[in-house]
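Asks: Under our numbering, the first residue of the sequence shown is numbered 53, with each subsequent residue one higher.
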Amino acid sequence: MRLGRIMLGMAGATVRSNANVTFRCAYHVVWCPKYRRKVLTGDIEQRLKELIREVVAYKGAWLIEMETMPDQVHLLVEVDPQFGIHRLVRAVKGHTSRLLRQEFPSLRSRLPTLWTNSYFVATVGRATPEVVKQYVAEQKTR
Numbered sequence: 053m054r055l056g057r058i059m060l061g062m063a064g065a066t067v068r069s070n071a072n073v074t075f076r077c078a079y080h081v082v083w084c085p086k087y088r089r090k091v092l093t094g095d096i097e098q099r100l101k102e103l104i105r106e107v108v109a110y111k112g113a114w115l116i117e118m119e120t121m122p123d124q125v126h127l128l129v130e131v132d133p134q135f136g137i138h139r140l141v142r143a144v145k146g147h148t149s150r151l152l153r154q155e156f157p158s159l160r161s162r163l164p165t166l167w168t169n170s171y172f173v174a175t176v177g178r179a180t181p182e183v184v185k186q187y188v189a190e191q192k193t194r
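1) Can you name the residues that DSSP bridges to Glu119?
2) Per DSSP, what kind of secondary structure is Ala71 in: helix, strand or coil?
3) Roughly how far, in whole angstroms, is the beta-carbon of Ile104 from the beta-carbon of Ala78, given that I think they are within contact range, below 8 Å?
4) Quick one: Cα of Val91 to Cα of Val173, how far?
5) Along the alpha helix (DSSP H) that carries Ala143, what are the first and last residues, could you check?
6) Could you round the C-beta distance between Ala71 and Glu119 to whole angstroms and report it? I think they count as a contact, below 8 Å.
7) Does the distance from the CB of His138 to the CB of Val82 come in under 7 Å?
8) How many angstroms separate the CA atom of Asp123 from the CA atom of Glu182?
If you want it as structure tokens, here you go:
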């Protein structure tokens, strides 16, 4: 489902295009489990990462970096602006919540829903995607 060409743009950043738009849209996205419960560990954490990779690829976006902590998920993703970051986040949170709660019954008993309704998103503007990638990768060591 990935469309178009990839070019090198300003300062070596990836510029992508589809039939109508040439773009460089990278986003830093963060969200938490309901009640900020520390449930993203062990097998749940590994399965969550697999599911996120699958959904991002299926939706035609590009996963640059991902890190999870027991109570947070950080993503650095590039998304076609015609698809929209809100649609990608909704798809990732919905799919991962449904499957993780099916595969890990302990999540159903501890939480009414896996994720909060809210999330944080910021464009990667003046900071290069490489700087944000490093920030996301270092989250567990903080």
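Quick reminder that beta carbons are idealized off the backbone N, C-alpha and C, glycines included. Small disclaimer: the values here were computed from a predicted structure and weren't measured.
Replies: Taking the geometry as given:
1) Counting from one through the sequence shown, the residue named residue 119 turns up at place 67. In the DSSP output, where bridge partners are listed per residue, Glu119 has His126.
2) Within the sequence shown, numbered from 1, the residue matching residue 71 stands at position 19. DSSP places Ala71 in coil when its eight states are reduced to three.
3) Against the sequence shown, residue 104 aligns to sequence position 52. Against the sequence shown, residue 78 aligns to sequence position 26. Between Ala78 and Ile104 the Cβ distance is about 16 Å, and since that is not below 8 Å, they are no contact.
4) Position 39 of the sequence shown, counted from the start, is the residue given in the question as residue 91. Position 121 of the sequence shown, counted from the start, is the residue given in the question as residue 173. Cα to Cα, Val91 sits roughly 22 Å from Val173.
5) To locate residue 143, count along the sequence shown from 1; it is residue 91. Residues Ile137 to Glu155.
6) On the sequence shown, position 19 is the one that residue 71 refers to. On the sequence shown, position 67 is the one that residue 119 refers to. With a Cβ gap of about 33 Å, Ala71 and Glu119 do not count as contacting.
7) Walking along the sequence shown from the start, residue 138 turns up at place 86. Walking along the sequence shown from the start, residue 82 turns up at place 30. In this structure, Val82 does not lie closer than 7 Å to His138 by Cβ.
8) Position 71 of the sequence shown, counting from 1, holds the residue named residue 123. Position 130 of the sequence shown, counting from 1, holds the residue named residue 182. Using only the alpha carbons, I get a separation of about 24 Å.
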